[in-house]
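Trainee:
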Amino acid sequence: MFTQNIINNYLQIPGIDGMLLAMPEIFIFCSTLILMILDIFFFKEKSFKNTNKFGIFIIIIAFFLALLLPSTGIAFNGLYFVSELSTFFKLIILLSIFFVFLLSHNKADIEGIKFSEFNFLLLLSTCGMLILVSSNSFLTFFLALELQALPIYVMCALKKNDIKSAEASLKYFLLGALSSGFILFGISLIYGFVGSISFEQVSNISLKENMGINFGLILILAGVAFKISSAPFHMWAPDVYEGTPSPITFFIATAPKISILGILIYLIYRVFSGIHDNLSDLIIVLSLSSMLVGSIGAIVQKNLKRLIAYSSIAHMGFILVGMVAFSEKGLHAIMYYLIIYLFLLTGVFAIILSLQKDDKPIELISDLKGLYNDHPFISICLLIFMFSLAGIPPLSGFFGKWLVFFSAIDSGFYILAILGVLFSVISAFYYLKIIRVMFFENSDTPLIIDGNREIRFLINLSLFVSVLFFALFPIFDYMILNTKI
Amino acid sequence: MYYSMLFYIFSFFVIASSIGVITSKNPVYCVLYLILAFINSAILFLFLNAEFLAMLLIVVYVGAVAVLFLFVVMMLNINIEEKKSKFLKFKPLSIILGSIILVEFLYFLIIDNSTLEKLSNTPNLEQKNNTISLGNILYTDFALLFQMCGVILLVAMIGAIVLTLRKRPGVKKQIIKNQVDTKKEDVIEVVSVKNNEGA
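Heads up: the sequence lines are chains U and V, in that order.
With numbering that gives the first Met the number 0, letter number 213 in the first sequence gets 212, and the count goes up by one each step, no holes.
With numbering that gives the first Met the number 0, letter number 118 in the second sequence gets 117, and the count goes up by one each step, no holes.
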C-alpha cells in the first residue's frame with residue numbers, strides 16, 4: 000500500500016524556472032497562435048493540408064520536449080505539477096494526437112471536415128489535456144477539463160451539412176456541461192469543508208468521517224465517469240460516436256479518456272488515498288456496470304461505430320478494475336492497458352477509414368461482407384485486432400486484461416476478477432460476429448481500399464505492436480516500472 | 000442612522016423590482032425591472048466596500064446579459080395571454096421551492112446564528128482598494144489560470160466562427176476589397192459625342 004503525503008517530496012520551483020516544466024504546453028499554445036496567422040496569410044489553397052503538416056511537426060517537437068525535460072516539481076505557485084506519471088500520460092496523449100493528425104491527413108475531404116480550424120482546435124484541446132494530467136489544484140483541474148472539452152464539442156459539429164453530426168455535438172455539449180456542473184458542485188463542497196482547493200492541502204487533511212467531503216467526492220467521481228463514458232453515465236457515447244466523423248470519433252475515444260484517467264489515478268491514489276475504502280465500493284459499481292452495459296449492449300448493434308462505442312465502455316470497465324486494486328500492480332496494469340488500447344483502436348479506425356463502399360465510408364457491420372475475398376491482408380489485420388480486443392493470447396489485448404485481473408486478485412477482489420473474465424467472454428461474441436461477417440459472407444458490391452501512406456503506416460504499426468507485444472514487453476516494462484506517481 | 004436608512008431604501012427597491020419582474024404582463028417591462036434590480040444590488044455591494052463586484056455586476060449583468068435578454072424578448076413575439084397561463088402551471092412547484100429557501104434563511108437567521116457571524120467576519124477593506132488587491136492576485140499567483148481562461152475564450156471564438164461562417168455558392172454578396180480596389184479607369188468611360196450624332 001502507498002504511504003501518504005508523497006506530494007510534498009516534490010520541489011516548489013518558483014518564478015520563471017517553473018515555467019520550464021510547462022514547456023510542452025506553452026510550446027503548443029504559442030505555435031498554434033503562430034500557425035493561425037500563417038494560415039490566414041500564406042496557406043491559401045492547401046489550407047487544411049498545410050496546417051495538418053505543421054500540426055504533426057508541433058506534436059513531434061512537444062513529444063520530445065516532454066520526453067527530454069526530465070525534471071519534476073511544482074510550479075506556478077502550486078497550481079501545476081510535473082511527476083514521472085504525468086510525463087508518462089503526456090507522452091501517450093501526444094502519441095494519440097499524432098495518430099489523429101495522421102488519420103485525418105488525407106481523409107478530411109471525404110469525412111467533410113476540411114477546415115483548417117480542425118487542426119487548431121485539436122492542438123488547443125491537446126494543450127488542455129496536457130495541463131489536465133499535471134494539475135495540482137481543483138481550479139486548474141476544472142479549467143483544463145473545460146479547455147480540453149470545449150474544442151471537442153466544436154469538432155463534433157464540424158460536418159456542417161450532416162444532421163447526425165449536429166445532434167452528436169449538441170448531445171455531447173449538453174451532457175458535458177451537466178457533468179462539468181457535477182464536478183464544480185463537488186469541488187465547491189470540498190472547498191467548503193477543507194478550506195482549500197490545493198491538492199496538497201486536501202490530501203493532508205484526514206477525510207475519513209467527513210460527510211461533506213465524501214459527498215463532494217461522489218459528485219466529482221460522477222462527473223469524471225460521464226467524461227470517460229463509464230456506465231451508468233454512458234448514454235451519450237453511442238450517439239456521439241455514431242454521429243461524428245471517424246477521425247474525430249477516434250480522437251474522442253482515446254486522448255480525452257487517457258487524460259481524464261490520468262488525473263483520476265492521481266486523485267484516487269494520492270489526493271483521496273485516505274478514504275479509499277469508501278471510494279472502492281463506488282468504483283466497483285462503476286466498473287461492473289460498465290462491463291455489463293458494454294458487453295450486453297454491443298451485441299445488438301448494427302453500426303460499426305456504435306459497436307466500438309459499447310466496446311470502449313466495456314474497456315473502461317476493465318481499466319477501472321485496475322483502479323479498484325489500489326496497488327502498484329494495479330497502476331502499472333492501467334498504464335499497460337492504455338497503451339494497448341490506444342494501438343488497437345488506432346488499427347481498427349485506420350481500417351474503417353481506409354475502406355469505402357459506393358464511394359462512401361463504410362458505416363454498418365454488414366458493409367464488411369466479402370472483405371476477405373476482396374482484400375485478404377486487411378481482413379486478417381482486422382481479425383487480429385478483433386481477437387486482440389477480445390483478449391485472446393498471445394495478442395496484446397490478452398496481456399492488458401491479464402495484468403488488470405491479476406492485480407485485482409492480488410488485492411483480494413476475487414469476485415470482481417471472476418465477473419470481469421465472464422464479461423470478457425461475453426464481449427468476445429460480438430468481436431467474433433464481425434469476423435464471421437467479413438470471412439463467411441459475400442456481397443455483390445466490392446469494397447474499395449483508399450489507403451494512403453499514413454494510414455498504411457498506422458495499420459502496420461498497430462499490427463506490429465498487437466502481435467509482438469510479448470516481445471516488446473521488456474521495453475514497456477522499462478518505461479512503466481520505473482514510473483513513480 | 001443615515002447609512003442604514005439608505006441601505007433599507009435600496010433593499011426595498013431590489014425587492015420591489017424583483018416582484019415587478021415576475022408580475023408585470025409585458026415581457027419587456029420584466030427585463031427592465033430586472034435591470035433595475037441588478038443596479039440596486041450593485042449599490043448594495045458598494046455598501047459592503049466591494050466596489051469591484053459592484054462594477055462587475057453592472058458591466059456583465061446589465062451591460063451584456065440583460066441587454067441580450069431585451070433583444071431576445073423584443074425579437075420573439077410572445078403572446079401575453081399564453082404566457083400567463085403557462086406561469087400558473089408552475090405555481091405549486093415555485094411555492095415549494097420558495098418555501099424551502101425561506102426555511103433555510105430563517106434557520107440561519109434565527110436558530111443557528113454562529114455560521115452567519117463567522118461569515119460576516121470580513122477583513123477590513125477600507126485601507127486597501129479591492130480592485131488593486133484582486134489584480135495583484137490574478138496576475139501573480141493565479142497567472143496560469145488567468146491565461147487558461149483566455150485560451151478557453153479563444154477556443155470559444157474560433158468555434159463560433161467556424162460553425163457559423165459558411166460560403167454558399169451563388170449568393171450575391173458585397174466584396175469590400177473589390178469595391179475599394181476599383182479604379183476610375185475601369186468603370187468610367189469618357190466618350191466624346193458629336194453634335195446630332197448621339198443615340
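For glycine and all other residues, C-beta sits at the position ideal for the given N, C-alpha and C.
(1) On the DSSP bridge list, what partners appear for Ser134 (chain U)?
(2) Give, in chain order, every unbroken run of the alpha helix (DSSP H) that is at least 4 residues long and sits entirely within the region 118-184 of chain U.
(3) Under 8 Å, Cβ to Cβ, is there at least one residue of chain B near Val170 (chain V)?
(4) Can you check whether the C-beta of Asp180 (chain V) is within less than 8 Å of a C-beta belonging to chain U?
(5) Looking at chain V, is there any beta carbon in it that lies within less than 8 Å of the beta carbon of Phe250 (chain U)?
(6) Report yes or no: is there a C-beta of chain V within less than 8 Å of the C-beta of Pro150 (chain U)?
(7) Helix, strand or coil for Ile73 (chain U)? Go by DSSP, reduced to three states.
(8) Taking three-plus beta-carbon pairs below 8 Å as touching, is the region 449-467 of chain U in contact with the region 337-351 of chain U?
(9) I'd like to know whether the C-beta of Ile6 (chain U) is nearer than 8 Å to at least one C-beta of chain V.
(10) So Ser426 (chain U) and Gly293 (chain U) are supposed to be a Cβ contact under 8 Å. How far apart are they, rounded?
(11) Between which two residues does the beta strand (DSSP E) harbouring Gln355 (chain U) extend?
(12) From what residue to what residue does the alpha helix (DSSP H) around His275 (chain U) run?
(13) Would you list the residues sitting across from Pro360 (chain U) in a DSSP beta bridge?
(14) Name the residue from U:Ala332, U:Phe439, U:Leu93 whose alpha carbon lies nearest to the alpha carbon of Thr482 (chain U).
(15) Expressed to the nearest angstrom, what Euclidean distance is found between the alpha-carbon atoms of Ser288 (chain U) and Ala167 (chain U)?
(16) Output yes if chain V places a C-beta closer than 8 Å to the C-beta of Glu199 (chain U); else output no.
(17) Is Asp373 (chain U) near the ligand ATP, going by C-beta to nearest heavy atom under 7 Å?
(18) Label Asn4 (chain U) either buried or exposed according to how many other C-beta atoms from any shown protein chain fall within 10 Å of its C-beta, with 16 as the threshold for buried.
(19) Please list, in chain order, the chain V residues whose beta carbon lies closer than 8 Å to that of Lys159 (chain U).
(20) Could you tell me whether the Cβ of Ala49 (chain V) comes closer than 8 Å to any Cβ of chain U?
(21) Which same chain residues end up closer than 6 Å to Phe140 (chain U) when comparing Cβ atoms and leaving out the 5 residues on each side of it in sequence?
(22) Could you list which residues in chain U have their beta carbon closer than 7 Å to that of Gly134 (chain V), in chain order?
(23) Can you check whether the CB of Leu123 (chain U) is closer than 8 Å to the CB of Thr31 (chain U)?
(24) Under 8 Å: do the region 145-163 of chain U and the region 184-193 of chain U share three or more Cβ pairs, one atom per stretch?
(25) In the DSSP assignment, the alpha helix (DSSP H) including Asn39 (chain V) goes from what residue to what residue?
(26) By the 10 Å Cβ neighbour count, where 16 or more other Cβ atoms means buried, how is Thr2 (chain U) classified, buried or exposed?
(27) Taking the alpha-carbon positions, what's the Ser10 (chain V) to Ala142 (chain V) distance?
(28) For Asp140 (chain V), which residues in chain U fall below 7 Å Cβ to Cβ?
(29) Going along chain V, which residues have a C-beta under 9 Å from Ile501 (chain U)?
(30) Would you tell me roughly how many angstroms separate the C-alpha atoms of Gly127 (chain U) and Leu278 (chain U), rounded to the nearest one?
(31) Just the C-alpha distance for Asn194 (chain V) and Glu188 (chain V), rounded to the nearest angstrom, thanks.
(32) Less than 8 Å between the beta carbons of Ile227 (chain U) and Ile259 (chain U), yes or no?
(33) Please identify, using Cβ separations under 7 Å, the residues of the region 166-178 of chain U that lie next to chain V, in order along the chain.
(34) When DSSP labels each residue in this structure, what does Asn451 (chain U) get in the three-state scheme?
(35) Checking contacts by CB at 8 Å: is Gly97 (chain V) closer than that to chain U?
(36) Can you find a CB in chain V that lies within less than 8 Å of the CB of Leu64 (chain U)?
Mentor: If we stick to the structure as given:
(1) By 1-based counting over the first sequence, the position of residue 134 (chain U) is 135. DSSP, once it has assigned bridges, lists U:Tyr79 as partnering Ser134 (chain U).
(2) For the region 118-184 of chain U, whole alpha helix (DSSP H) runs of length 4 or above, ordered along the chain, are 137-155.
(3) No chain B appears in this structure, whose protein chains are U and V.
(4) Within the second sequence, residue 180 (chain V) is the residue found at index 181, counting from 1. Using beta-carbon distances, Asp180 (chain V) does not count as an interface residue toward chain U, since no partner is under 8 Å.
(5) Taking the first residue of the first sequence as position 1, residue 250 (chain U) is located at position 251. Chain V contact via Cβ: absent.
(6) Within the first sequence, residue 150 (chain U) is the residue found at index 151, counting from 1. By the rule that beta-carbons nearer than 8 Å mark a contact, Pro150 (chain U) touches chain V.
(7) Locating residue 73 (chain U) in the first sequence gives position 74, where the first residue counts as 1. Three-state DSSP puts Ile73 (chain U) in a strand.
(8) Touching, per the Cβ criterion.
(9) For the purposes of this step, residue 6 (chain U) is taken as the residue at position 7 of the first sequence. Unreliable placement is indicated for Ile6 (chain U), whose pLDDT of 49 sits below 50; the coordinate value is still reported in the next sentence. Ile6 (chain U) does not count as touching chain V.
(10) In the first sequence, residue 426 (chain U) corresponds to position 427, counting from 1. In the first sequence, residue 293 (chain U) corresponds to position 294, counting from 1. Indeed, because the Cβ distance is near 7 Å, the residues count as touching under 8 Å.
(11) To locate residue 355 (chain U), count along the first sequence from 1; it is residue 356. From DSSP, the beta strand (DSSP E) with Gln355 (chain U) extends over 354-356.
(12) Here residue 275 (chain U) is taken as the residue at index 276 of the first sequence, counted from 1. In this chain, the alpha helix (DSSP H) harbouring His275 (chain U) covers 275-296.
(13) Numbered from its first residue, the first sequence carries residue 360 (chain U) at position 361. Partner(s): U:Gln355.
(14) To locate residue 482 (chain U), count along the first sequence from 1; it is residue 483. Closest option to Thr482 (chain U), judged by alpha-carbon separation, among U:Ala332, U:Phe439, U:Leu93: U:Ala332.
(15) Here residue 288 (chain U) is taken as the residue at index 289 of the first sequence, counted from 1. Here residue 167 (chain U) is taken as the residue at index 168 of the first sequence, counted from 1. Whole-angstrom Cα-Cα distance: 24 Å.
(16) Taking the first sequence and counting its residues from 1, the one referred to as residue 199 (chain U) is at position 200. For Glu199 (chain U), no CB of chain V lies under 8 Å from its own CB, so it is not counted at the interface with that chain.
(17) No copy of the ligand ATP occurs in the structure displayed, which carries no ligand at all.
(18) Numbered from 1 along the first sequence, position 5 holds the residue referred to as residue 4 (chain U). Since pLDDT at Asn4 (chain U) reaches only 42, below the 50 mark, its modelled position is unreliable, and no value is offered.
(19) Numbered from 1 along the first sequence, position 160 holds the residue referred to as residue 159 (chain U). Within chain V, the residues near Lys159 (chain U) are Leu162, Arg165.
(20) Position 50 of the second sequence holds residue 49 (chain V). Chain U contact via Cβ: absent.
(21) For this step, residue 140 (chain U) is matched to residue 141 along the first sequence. The beta carbon of Phe140 (chain U) sits closer than 6 Å to the beta carbons of Ser134 from its chain, once the five residues preceding and following it are set aside; these are given in chain order.
(22) For the purposes of this step, residue 134 (chain V) is identified with residue 135 of the second sequence, where counting begins at 1. Near Gly134 (chain V) there are no residues of chain U at all, since even the closest Cβ is about 16 Å away, more than 7 Å.
(23) Looking up residue 31 (chain U) in the first sequence gives position 32. Looking up residue 123 (chain U) in the first sequence gives position 124. Yes, the Cβ-Cβ distance between Thr31 (chain U) and Leu123 (chain U) is below 8 Å.
(24) Result no; under three Cβ-Cβ pairs closer than 8 Å.
(25) Indexing the second sequence from 1 puts residue 39 (chain V) at position 40. That run of the alpha helix (DSSP H) goes 26-46.
(26) Stepping through the first sequence from its first residue, residue 2 (chain U) is reached at position 3. Since pLDDT at Thr2 (chain U) reaches only 40, below the 50 mark, its modelled position is unreliable, and no value is offered.
(27) The count along the second sequence starts at 1 and reaches residue 10 (chain V) at position 11. The count along the second sequence starts at 1 and reaches residue 142 (chain V) at position 143. Straight-line Cα distance between these residues: approximately 37 Å.
(28) The residue you call residue 140 (chain V) lines up with position 141 of the second sequence. Under the 7 Å cutoff, chain U gives Asn76.
(29) Within the shown structure, residues of chain U are numbered from 0 to 484, placing residue 501 (chain U) beyond reach of any answer.
(30) As a position in the first sequence, residue 127 (chain U) is number 128, starting the count at 1. As a position in the first sequence, residue 278 (chain U) is number 279, starting the count at 1. Distance between the alpha carbons of Gly127 (chain U) and Leu278 (chain U) is about 27 Å.
(31) The count along the second sequence starts at 1 and reaches residue 194 (chain V) at position 195. The count along the second sequence starts at 1 and reaches residue 188 (chain V) at position 189. Answer to the nearest angstrom: the Cα atoms are 18 Å apart.
(32) Along the first sequence, read from residue 1 onward, the residue named residue 227 (chain U) stands at position 228. Along the first sequence, read from residue 1 onward, the residue named residue 259 (chain U) stands at position 260. A contact, by the Cβ cut-off of 8 Å.
(33) Residues passing the 7 Å Cβ filter: none.
(34) Counting from 1 along the first sequence, the entry for residue 451 (chain U) is found at position 452. Note: Asn451 (chain U) maps to coil in three-state DSSP.
(35) What you label residue 97 (chain V) is simply residue 98 of the second sequence in a count that begins at 1. Using a CB distance cut-off of 8 Å, Gly97 (chain V) does not count as an interface residue toward chain U.
(36) As a first step, residue 64 (chain U) must be located in the first sequence, where it is residue number 65. Chain V contact via Cβ: absent.
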